[in-house]
Amino acid sequence: MLGTGMLVFPTLTAVAVSGDVGGSAAVAGLAVVIAFSLCYVLLALALGRERRSFVKPLLAAMTALFLASLPFAHADAFFLATVIVSVVAVLWRRHTLPVVAAGTVAALLVPWAVPAWHTGPGGFQALALLFTSLTCGAFAEIAATNRALVAARAEVARLASEAERNRIARDLHDLLGHSLTAITVKSRLAHRLAAKDLDQAVAEMAAVESLSRQALADVRAAVTGYREVTIAGELARGRELLRAAGVVADLPKAADAVGPEQRELFGWVVREGITNVVRHARASRCSVLLTPTSVEIRDDGPGGAGRGLIGAGKGLTGLRERVAAVGGTVEAGPLDPRGWRLLVTVRQADPRSEGTT
0 MLGTGMLVFP TLTAVAVSGD VGGSAAVAGL AVVIAFSLCY VLLALALGRE RRSFVKPLLA
60 AMTALFLASL PFAHADAFFL ATVIVSVVAV LWRRHTLPVV AAGTVAALLV PWAVPAWHTG
120 PGGFQALALL FTSLTCGAFA EIAATNRALV AARAEVARLA SEAERNRIAR DLHDLLGHSL
180 TAITVKSRLA HRLAAKDLDQ AVAEMAAVES LSRQALADVR AAVTGYREVT IAGELARGRE
240 LLRAAGVVAD LPKAADAVGP EQRELFGWVV REGITNVVRH ARASRCSVLL TPTSVEIRDD
300 GPGGAGRGLI GAGKGLTGLR ERVAAVGGTV EAGPLDPRGW RLLVTVRQAD PRSEGTT
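Be aware that the sequence shown starts at 0, since it is given in this note's numbering, and climbs by one per residue.
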């Protein structure tokens, strides 16, 4: 609409030509104005079709036609200059101020400097050029900002989608890794007990069913983003998993030492650490040590190169991402003479931020 409205200025120039000159001069002046208008329409079409190579030649032709119209329209020829300067303000915004200033000064002084035109300074033409071109430049700036904002929103949406996919993949690995490991261990235990203690085997299979239902609920919660992991709950689950795997569990009976802000994170650490012990350690004992700023999981397995492979696995990779998000550190490695340690440490919270002394 703004671009179409610019055709008002050639119309004003055409009216001026009809009033200032007559006969063949009027015909020639009108032809110049019509040619100018056609060039402007072609320039608009070139921009609409992204054919930038045509813009500068058409703009040069419009400038030549503006100069050719001066003998016919006199001061009112600067209405054509308004269109040219506005196009420059839209396409080359960094040149807007000097071009607008030059056009405004020319529209103001040239009519006054040509005595044959019998006019004074072109004040109205200068004001039209100044305000119209600045309005077009401002409109172009707003349009560019809006395009950048749309692109930024699209990028934010893409990054948010990617982050959500990563979160779901990480949570599903952590949730299903723990649950399926527990189901596998309990199924094997039930198989061994079936021949000598049928009641206990049935009890273990009932636990398998319960774990399966819990795993399904955890997956649904992870996908919707509303799952809750706590250090107390993971200690209880871990104790049961280690018992079923035949590993002596030396776990804290309470997690009161851990502050509320770290309970979910430490819960993920305990879940991943105990799952890896059951899967990879071939250990007979597993211990968990808790402090307000750290959680440490140790086992007495053989350690060595085979255990080292889990450091590059998806479980510890996801765990490192969780810990890094709160500015903590993860250490995983063998113990001397045997065993493996997973240690996660976070920064001590500032007591003043909690209103305590």
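All C-beta atoms, glycine included, are put in the ideal place defined by N, C-alpha and C.
Here the alpha carbon of F138 sits roughly 44 Å from the alpha carbon of V325. The alpha helix (DSSP H) runs lying completely inside the stretch 230–275 and spanning 4 residues or more are 230–243, 262–275, given in chain order. Note: P291 is not bridge-paired with any residue in the DSSP secondary-structure output. If you compare the alpha carbons of W116, G338, R212 with that of H279, the shortest gap goes to G338.
For A127, the CB contacts under 6 Å within the same chain, skipping 5 residues up- and downstream, are T81 in chain order. S23 carries a helical assignment under DSSP once its states are collapsed to helix, strand and coil. The stretch 17–27 makes no contact with the stretch 47–59, as fewer than three CB pairs between them are under 8 Å. In this structure, the alpha-carbon of A125 lies about 13 Å from that of V98. The straight-line gap separating the alpha-carbon atoms of F35 and F65 is approximately 7 Å. In the DSSP annotation of this structure, the continuous segment of the beta strand (DSSP E) that includes L341 starts and ends at 339–344. Contact check for R321 and W267: beta-carbon distance about 6 Å, within the 8 Å limit, so the pair qualifies. Assignment of R284 by DSSP, reduced to helix, strand and coil, places it in the strand class. If you draw a straight line from the Cα of I273 to the Cα of E154, it is about 38 Å long. Here the alpha carbons of A101 and T131 stand approximately 14 Å from one another. Its Cα nearest to that of M0, the residue C135 stands out among R146, C135, A106.
Contact between L79 and T12 holds, with the beta-carbon distance rounding to 5 Å and staying under 8 Å. With respect to the 7 Å criterion, S286 and D249 are classified as neighbours on the basis of their beta carbons.
If you draw a straight line from the Cα of A43 to the Cα of G317, it comes to about 54 Å. Residue state for G332 is assigned as strand, using DSSP reduced to three classes.
A distance below 6 Å between beta-carbons, with the five flanking residues on each side excluded, links I230 to the following residues of its chain, in chain order: A254, V257, R262, F265, G266. CA-CA distance, L175 to I296, rounds to 20 Å.
If you check the CB distance, L289 and P251 come in under 7 Å.
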